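In full-length UniProt numbering, the protein residues as written are 1 to 343. Everything below concerns the one structure shown next.
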């Protein structure tokens with residue numbers, strides 16, 4: 001009998017969504033009895049969940065689990081998927097502060113919302129610091145909740161989960177430091193992209209799922225696939241930031257320019273045109289000027305070709321993996337979807 005992979009995973013993703021909502025609802029009820037204001041950070045997380053999102057990390061975790069023969073009725077894998085999404089919410093809220101981004105998923109970011117609320121209510125202190133303070137605490141709370149959720153997952157998944165969490169934090173630090181240095185280092189830029197985004201989006205969630213199903217032997221194949229497809233995912237993110245439409249992405253574009261993020265895209269372009277560095281560091285220049293210079297270097301086309309090669313590498317890495325062919329085909333399709341997404 002052929003497995004309907006889409007329906008099977010979609011059902012689990014719905015359960016992940018229910019788990020996220022029920023966890024926050026229980027926390028809200030608990031803290032509402034303590035103080036009416038104590039529910040504010042919980043409501044902020046609930047609003048983020050309600051605002052949508054692609055749920056890429058739970059999807060790869062569930063795919064790794066199901067491809068490994070895991071029992072879809074086990075509530076532990078639902079908890080693991082919810083933990084990954086809650087960790088992602090923590091990273092998003094903090095990332096928006098670091099990037100000074102005003103919108104996320106078409107709505108005001110947490111720090112923007114509470115900065116504006118502070119001003120509207122005439123509260124004491126500086127509005128910006130208040131908004132950022134609230135956002136930091138909301139992100140921290142999501143991090144706590146992610147740990148609570150993962151405590152309900154199979155213990156075999158914990159080593160990979162712990163590795164994933166530390167990689168996100170270290171990768172974010174390296175990203176912040178690289179932006180401050182703003183020196184051309186394509187090799188370092190690729191490493192940062194893999195650590196802070198690619199691994200935590202695809203490679204580690206896949207192995208969390210496989211480990212939860214008792215198939216740690218699949219880690220090498222999932223790692224090779226995940227490293228390649230994860231890098232393709234991040235390169236697409238770089239292209240969307242540089243050339244995408246904020247109406248599609250749900251967040252401002254050009255943030256990498258404004259924050260001096262030394263992405264692989266920018267690093268490769270600066271090797272060909274040193275003037276791009278000047279455009280991004282000296283006042284009076286616009287993001288459109290940077291975009292035009294980027295296009296003139298031909299690097300965006302090279303990045304597209306590199307993405308295609310990475311996707312093909314990922315497909316080959318999974319082609320001989322000891323899992324059912326329907327899951328090999330699904331992982332190949334997922335590589336295409338994340339690498340060629342428009343938002």
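Backbone N, C-alpha and C fix where the C-beta goes; we use that ideal spot for every residue, glycine too. Source: prediction; values computed, not measured.
| said: Could you compute how far the alpha carbon of residue 33 sits from the alpha carbon of residue 25? | reply: 13 Å
| message | Comparing C-alpha positions only, which one of 54, 323 and 195 sits nearest to residue 337? | response | 54
| task | Would you mind reading off the limits of the alpha helix (DSSP H) that contains residue 260? | result | Looking at the DSSP string, residue 260 is not in any alpha helix (DSSP H), and its letter there is neither H nor E.
| query | Hey, would you say residue 321 sits closer than 8 Å to residue 261, going by beta carbons? | reply | Taking 8 Å as the Cβ cut-off, residue 321 and residue 261 do not qualify as a contacting pair.
| Between residue 273 and residue 237, what straight-line distance do the alpha-carbon atoms span, to the nearest angstrom? | 22 Å
| In its own chain, which residues sit with a C-beta less than 8 Å from the C-beta of residue 108, not counting the 5 before and 5 after it? | 102 and 116
| field | Residue interval of the alpha helix (DSSP H) (run including residue 60) | value | 56–67
| query | For residue 85, does the count of other Cβ atoms within 10 angstroms reach 16, so buried, or fall short, so exposed? | reply | Buried: at least 16 other Cβ atoms inside 10 Å.
| field | 8 Å Cβ cutoff met for residue 326 and residue 5 | value | Cβ distance < 8 Å, so residue 326 and residue 5 count as in contact.
| said: Assess contact between the segment 63–82 and the segment 210–218, defined as three or more Cβ pairs (one per stretch) separated by less than 8 Å. Is contact present? | reply: yes
| query | If you draw a straight line from the alpha carbon of residue 1 to that of residue 324, how long is it in whole angstroms? | reply | Summary for residue 1: the model assigns pLDDT 47, below 50, so the residue's position carries little reliability; its value from the coordinates is reported in the next sentence. The straight-line gap from Cα to Cα measures roughly 12 Å.
| Roughly how many whole angstroms lie between the Cα atoms of residue 168 and residue 76? | Distance between the alpha carbons of residue 168 and residue 76 is about 23 Å.
| Can you give the beta carbon distance from residue 14 to residue 62, rounded, assuming they're within the 8 Å contact cut? | Not confirmed; about 11 Å, so no contact.
| query | When the Cα of residue 234 is compared with those of 58, 267, 196 and 245, which residue comes out closest? | reply | 196
| message | According to DSSP, is residue 300 part of a helix, a strand, or is it coil? | response | Helix.
| request: Please state whether DSSP places residue 1 in a helix, a strand or coil. | output: Caution is warranted here: a pLDDT of 47 is assigned to residue 1, below 50, making its placement in the model unreliable, and no coordinate value can be reported.
| query | Considering only residues of the same chain and omitting the five flanking positions on each side of residue 314, which have a CB-CB separation below 6 Å? | reply | 225, 228, 229 and 335
| field | Proximity below 8 Å, CB of residue 276 to CB of residue 294 | value | Contact check for residue 276 against residue 294 passes: the beta carbons are separated by less than 8 Å.
| query | Of the choices 112, 18, 106 and 343, whose alpha-carbon is the least far from that of residue 244? | reply | The residue with the shortest Cα to Cα distance from residue 244 is 343.
| Three-way DSSP call (helix, strand, coil) for residue 105 in this model | Of the three classes helix, strand and coil, the one that applies to residue 105 here is coil, per DSSP.
| request: Return the CA-CA distance between residue 316 and residue 56, expressed in angstroms with no decimal places. | output: 21 Å
| message | At the level of alpha carbons, what is the spacing between residue 155 and residue 106? | response | 37 Å
| field | Check whether residue 65 and residue 198 have beta carbons under 8 Å apart | value | Remark: C-beta atoms of residue 65 and residue 198 do not approach each other more closely than 8 Å.
| Cα separation between residue 189 and residue 248? | Residue 189 and residue 248: Cα-Cα distance of roughly 26 Å.
| Nearest candidate by alpha-carbon position, reference residue 183, set 131, 172, 263 and 220 | 263
| Nearest-angstrom Cβ-Cβ length linking residue 139 and residue 112, presumed shorter than 8 Å | Going by Cβ atoms, the distance from residue 139 to residue 112 rounds to 14 Å, so no, they are not a contact pair.
| request: Return the chain-ordered list of same chain residues with a C-beta closer than 6 Å to the C-beta of residue 97, the five sequence neighbours on each side being excluded. | output: Within the same chain, Cβ atoms closer than 6 Å to the Cβ of residue 97 are found at 111, 132 and 135, the five residues on either side in sequence being excluded.
| field | CA-to-CA distance, residue 141 to residue 89, given in whole angstroms | value | 10 Å
| request: Use the C-beta contact count for residue 146: other C-beta atoms within 10 angstroms, 16 or more gives buried, fewer gives exposed. | output: buried
| request: Within 10 angstroms of the Cβ of residue 23, are there 16 or more other Cβ atoms? Answer buried if so, exposed if not. | output: Under a 10 Å Cβ-count criterion, residue 23 is classified as buried, with 16 or more other Cβ atoms of the shown protein chains found around its own Cβ.
| Three-state class that DSSP yields for residue 133 in the structure shown | helix
| request: Check whether the Cβ of residue 295 sits closer than 7 Å to any heavy atom of the ligand ZN, and report yes or no. | output: By its list of ligands, the structure shown contains no ligand whatsoever, and the ligand ZN lies outside what it can speak to.
| said: Under DSSP, the alpha helix (DSSP H) around residue 249 begins and ends at which residues? | reply: From DSSP, the alpha helix (DSSP H) with residue 249 extends over 246–249.
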